[in-house]
Amino acid sequence: MTAELSKTELGTLGETLVANWLQTQGWRLCDRQWHCRWSELDLVVAKGPANRDGQIAFVEVKTRSQGNWDAYGLMAITRSKQAKLWKAAQLYLLKHPQWAEATCRFDVALVACRRQVGGAPPTSLNSACQMTLDDRRYLVLQDYIDNAFDVPGR
Numbered sequence: 717m718t719a720e721l722s723k724t725e726l727g728t729l730g731e732t733l734v735a736n737w738l739q740t741q742g743w744r745l746c747d748r749q750w751h752c753r754w755s756e757l758d759l760v761v762a763k764g765p766a767n768r769d770g771q772i773a774f775v776e777v778k779t780r781s782q783g784n785w786d787a788y789g790l791m792a793i794t795r796s797k798q799a800k801l802w803k804a805a806q807l808y809l810l811k812h813p814q815w816a817e818a819t820c821r822f823d824v825a826l827v828a829c830r831r832q833v834g835g836a837p838p839t840s841l842n843s844a845c846q847m848t849l850d851d852r853r854y855l856v857l858q859d860y861i862d863n864a865f866d867v868p869g870r
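For the sequence shown, the positions run 717 to 870 when this note's numbering is used.
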C-alpha cells in the first residue's frame, strides 16, 4: 500500500490503532465513530460492569502527520470541541442508560504518522502501540491522556 491516504482514512487507521491498544489495556469497545447532531465520538470504551462500579471513556483520537502545527492534535481539543463532545456523550448516555451511573471520563489519544527509516519501524516500541501502513510510513501512539478534560457536573 503506497497510495496516499486521505485525512479521513488516516484518522480511521489511527482510531483502529488506539482501539486495539485499549483492548490490550482491558477496555472493551462499545462504539466507534458514533454520530449525533453535535459531534462524533471517535471511540466509546468501557471497563467493568454497566453500573456505578464500571467506567466508560469517550476517546477523542487525533492522528497527525509529521510537520503538523497543533502538537499532534492536542491544540485542536478546544473548549468548544470539549463542549460538543460533552453534548454527544450526554446523548450517548441517554441512548445507553445502562451506563448512566458509571464513572465517565474523556480521554485523548494522539497518534503520529511517521516515516520509516531503513524500511522498518522501530522495534523498541510495543507492537500494540504501532501499526505499519506501508513500506514508507507507520502509525505510533504518541500519547494517551486519561481524563484529558473535566466532565461538567459529574
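Virtual Cβ for every residue (Gly too), placed ideally from N, Cα, C.
- Judged by DSSP secondary structure, N736 falls within the alpha helix (DSSP H) whose first and last residues are K723 to T740.
- Contact check for S781 and C829: beta-carbon distance about 5 Å, within the 8 Å limit, so the pair qualifies.
- Pairing L809 with A799 gives a Cβ-Cβ distance that is not under 9 Å.
- Excluding the 5 residues flanking it on each side, D786 has same chain C-beta neighbours closer than 6 Å at A792, in chain order.
- Residues L738, W743, R744, L745, C746, A773 and V775 of the same chain have their beta carbon placed closer than 7 Å to that of V761, with the five preceding and five following residues left out of the count.
- DSSP, reduced to helix, strand and coil, places R795 within a helical segment of the structure shown.
- In this structure, the CA atom of Q749 is about 6 Å from the CA atom of E756.
- Rounded to whole angstroms, S843 and E731 show a C-alpha spacing of 15 Å.
- Going by beta carbons, A818 and N736 fall outside the 9 Å limit.
- V827 sits buried, since 16 or more C-beta atoms from the chains shown fall within 10 Å of its C-beta.
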